[in-house]
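Peer 1: In terms of the numbering used here, the sequence shown opens at residue 6 and continues consecutively.
Sending over a structure as structure tokens; questions will come in a sec.
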Amino acid sequence: MDPGDEQEGHAVAHQVTPMDMPGKILELDGISAESVQAHWGLYEAYCNKYNEVMQKLESADRGAANQIYSDYRGLREMLTFAIGGIKNHEVYFNNLSADGGEPSDQLAEQLQKDLGGVDGFLTELKAAGMAARGWAFLAWDWQWMRLDLHIGDAQNTFPVWNASPIIALDVYEHSYIADFSTARPKYIDAFIRNLDWSSVNEVWAGIQRGHELLGADG
Ligand code: FE
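Printed below as a string of structure tokens:
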């Protein structure tokens with residue numbers, strides 16, 4: 006390492022590419038293709054911004070890092086915002102399909118145990134969707150071994166460690182203003198009608214396999 010080279014030792018700029026748009030999300034019941042396409046553009050913008058921030062972080066001055074203001078602080082803070090914007094939207098778009106379906110027996114059993122069944126979960130999801138300023142999530146807590154709802158007021162607020170999102174409900178106004186004006190309850194009902202349970206069941210099956218691999222009981 007050349008001690009005069011300030012770039013040595015800095016993290017490598019990881020880059021992301023947007024996932025392929027699932028065709029199913031352009032044929033939803035009550036949520037228009039135009040609205041979904043515009044929303045997809047916002048998701049792609051998060052990917053682009055993540056890549057831009059990661060590139061800038063490579064050359065940000067570590068020695069000038071400061072809690073009031075510094076390039077490094079700004080980049081690190083905005084990085085979490087971009088990561089949330091990417092991951093939250095990927096769960097959200099994968100959750101959607103007009104095919105509907107229902108929870109697998111295994112998922113229904115866990116919903117019964119933790120949230121009073123499918124109806125109990127949906128009641129909670131509607132309330133969380135109305136209470137949140139950005140997101141409502143159904144998440145599996147790997148540590149406490151239970152399903153619960155979490156809300157987020159922005160892309161990067163209120164994450165819970167060791168929890169994985171299974172369902173992500175975007176309640177930012179850009180999700181529904183074009184189709185429902187300010188009627189968020191109607192949009193939440195439409196989201197629930199378009200919940201792609203087969204996709205959700207796959208995520209849940211993956212979590213169960215993960216526990217088997219980890220040797221956890223349950
Ligand atoms: Fe969004």
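We put the CB at the ideal spot given by N, CA and C, even for glycine.
Quick one: is G223 buried, meaning 16 or more other Cβ sit within 10 Å of its Cβ, or exposed?
Peer 2: In this prediction, G223 scores a pLDDT of 47, lower than 50, which makes its location untrustworthy; the coordinate-derived value is nonetheless stated afterwards. Result: exposed.
Peer 1: For the beta strand (DSSP E) containing R81, name the first residue and the last one.
Peer 2: Taken as a continuous stretch (DSSP letters only), R81 belongs to no beta strand (DSSP E), being part of the alpha helix (DSSP H) at 76-99.
Peer 1: Between which two residues does the beta strand (DSSP E) harbouring P164 extend?
Peer 2: No beta strand (DSSP E) contains P164, which DSSP labels as neither H nor E.
Peer 1: Could you say if the region 89-105 and the region 38-49 meet the contact criterion of at least three C-beta pairs nearer than 8 angstroms?
Peer 2: The region 89-105, when compared against the region 38-49, does touch it at the 8 angstroms Cβ threshold.
Peer 1: With 16 as the cutoff for other CB atoms within 10 Å, does I73 come out buried or exposed?
Peer 2: Result: exposed.
Peer 1: Leaving out five residues before and five after L218 in sequence, what residues of the same chain have Cβ atoms less than 6 angstroms from its Cβ?
Peer 2: Taken in chain order, the list of residues that qualify is empty.
Peer 1: Within 10 angstroms of the Cβ of P27, are there 16 or more other Cβ atoms? Answer buried if so, exposed if not.
Peer 2: With fewer than 16 Cβ atoms within 10 Å of its Cβ, P27 is classed as exposed.
Peer 1: Report yes if the CB atom of E63 is closer than 8 angstroms to the CB atom of W202, and no otherwise.
Peer 2: In this structure, W202 does not lie closer than 8 angstroms to E63 by Cβ.
Peer 1: Hey, would you say the C-beta of H44 is under 7 angstroms away from at least one heavy atom of the ligand FE?
Peer 2: Because some heavy atom of the ligand FE lies under 7 angstroms away, the Cβ of H44 counts as near it: yes.
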